[in-house]
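Student: Taking my numbering, I'd label the letters of the sequence shown as residues -4 to 316.
Think of the CB as a built atom: it goes at the ideal place given N, C-alpha and C, for glycine as much as any other residue.
Since this is a predicted model, take the numbers as computed values, not measurements.
Could you have a look at this structure, given as structure tokens, before my questions?
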Amino acid sequence: MTAPSRTRTAAAHMLAAWMGTRFYRTFRLTSEDDPAPFDFLLAQRERAVGVNVGLLWDEEPRPAGADMLEEMLSADIETDEGIVPGAYAVWVPPKGRIPIEEPEVSDLRLILGRAMRTLAPGDRREARIPVTVKLAKLQTEGAYVSVVGGLSSVWLAMSEGIPGSFHLDSRPIHRLPEETAEVDILVSRVRDFAAALEPGELTDIPLHDHWVVSRLPDGAPEGVTVIAAPPEIDPADGTNVRRRFRQEVQRAVDSKRDGATDLTVLAIVGPFAHIGDELVTASLRGMNPALYTALDLIVVIADGQVRQVLQPRSLPWEAGR
-4 MTAPSRTRTA AAHMLAAWMG TRFYRTFRLT SEDDPAPFDF LLAQRERAVG VNVGLLWDEE
56 PRPAGADMLE EMLSADIETD EGIVPGAYAV WVPPKGRIPI EEPEVSDLRL ILGRAMRTLA
116 PGDRREARIP VTVKLAKLQT EGAYVSVVGG LSSVWLAMSE GIPGSFHLDS RPIHRLPEET
176 AEVDILVSRV RDFAAALEPG ELTDIPLHDH WVVSRLPDGA PEGVTVIAAP PEIDPADGTN
236 VRRRFRQEVQ RAVDSKRDGA TDLTVLAIVG PFAHIGDELV TASLRGMNPA LYTALDLIVV
296 IADGQVRQVL QPRSLPWEAG R
């Protein structure tokens, strides 16, 4: 059996920690036994939990720059006294590209390295990546900003009372910050630049993309895991999400049929900028329950967080209550 990737292993450790918090039990990945037909086995006292980890994208080939970034940041853990030795993950936002040329590579390395400092197991932090967006003023009439890219979700707030018609290319932004106040700062900055433009003028606006860095639970393989879907993957493509999710559900059901465990779990790693953007829950609701009824628990993992999608109908440690 091929050894699971760092991404899948990181997800399995996150699942074990989440289950411990959720169910008030201790779960640990076991290495003593062959997990087949599952991807991983978790132990909870004498009980065995079979785990499959599925990705909503093809794992190979990895995005350009992912391996190099892992190696550099893992090396930095050993030399930066501010970074506690342990396991970390960098969550590249959907459609984000890892730079492969200097000085962008070194700049990103420094920013992410600083973001990893002082993180405790289970903690996560946003890293601000400098980017440049472009704003053009089309005409003086109207009060409207047409937006492409990461700021498109806040076009209405950006347009309110703005002096004229504008076009904003914010494609370098792939993930907005979680805090509303920080999003408001981005909007205000664009509006400030817009106020100084004349029709036909184009200007660059320095802003930030927001990537997430997280400290993985104790026990995860040390070093840095870069979790990145290919840039061409669209997280809003419901057809692709449903198709890949169904494939992983079927694989987990087959593992349950061929294996013998007390609990069967499917963890889906998704290319979503925020956990609230995930489409796995909607995909499950659209499925025939007969297709997944053999599974006990389904979670989605994205953006350094875990969310329950399918709740267990019963738990083995509650039997006989």
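Please state whether DSSP places F35 in a helix, a strand or coil.
Tutor: In the displayed model, F35 falls within a strand according to three-state DSSP.
Student: Looking at the strands, I want to know which residues DSSP matches up with N47.
Tutor: L261
Student: Have a look at A268 and G137 and give me their C-alpha separation to the nearest angstrom.
Tutor: Distance between the alpha carbons of A268 and G137 is about 32 Å.
Student: Can you tell me which of the three DSSP states D272 falls into?
Tutor: Here D272 sits in helix by DSSP.
Student: Does the separation of the CB atoms of V244 and L286 fall below 9 Å?
Tutor: yes
Student: Hey, could you find the ends of the alpha helix (DSSP H) W150 is sitting in?
Tutor: 150 to 154
Student: Helix, strand or coil for I293? Go by DSSP, reduced to three states.
Tutor: Strand, per DSSP.
Student: Quick one: Cα of V264 to Cα of V185, how far?
Tutor: Our two residues, V264 and V185, have alpha carbons roughly 34 Å apart in a direct line.
Student: Just how far apart, CA to CA, sit D28 and P(-1)?
Tutor: 15 Å
Student: May I have the straight-line CA-CA distance separating Q39 from A7, to the nearest angstrom?
Tutor: If you draw a straight line from the Cα of Q39 to the Cα of A7, it comes to about 14 Å.
Student: Roughly how many angstroms lie between the CA atoms of V248 and M282, to the nearest whole one?
Tutor: Take the alpha-carbon of V248 and the one of M282: they are about 14 Å apart.
Student: Near R112, what residues of its chain come up, given a Cβ to Cβ distance below 6 Å and the 5 sequence neighbours on each side ignored?
Tutor: By the criterion of a C-beta distance shorter than 6 Å, R112 is surrounded in its chain by G77, I78, once the five residues flanking it on both sides are discounted.
Student: Alpha carbon to alpha carbon, how far is D164 from G195?
Tutor: Taking the straight line from one Cα to the other gives about 15 Å.
Student: Hey, how far is the Cα of R316 from the Cα of G233?
Tutor: Low local confidence applies: a pLDDT of 45 at R316 is under 50, so the model's placement there is unreliable, and no value is given.
Student: Taking its Cβ as the centre, do 16 or more other Cβ atoms sit within 10 Å of D298, making it buried, or is it exposed?
Tutor: buried
Student: Please classify R316: does DSSP put it in a helix, a strand, or coil?
Tutor: At R316 the pLDDT is 45, less than 50, meaning the model places this residue with poor confidence; the figure from the coordinates comes in the next sentence. In this structure, R316 counts as coil in the three-state DSSP scheme.
Student: Quick check: what's the CA-CA separation for A82 versus Q134?
Tutor: 52 Å
Student: DSSP has Q245 in a bridge; who is on the other side?
Tutor: Q245 pairs with nothing; no bridge assigned.
Student: Does DSSP put W13 in a helix, a strand or coil?
Tutor: helix
Student: Can you give the Cα-Cα distance for P311 and S101, rounded to whole angstroms?
Tutor: 49 Å
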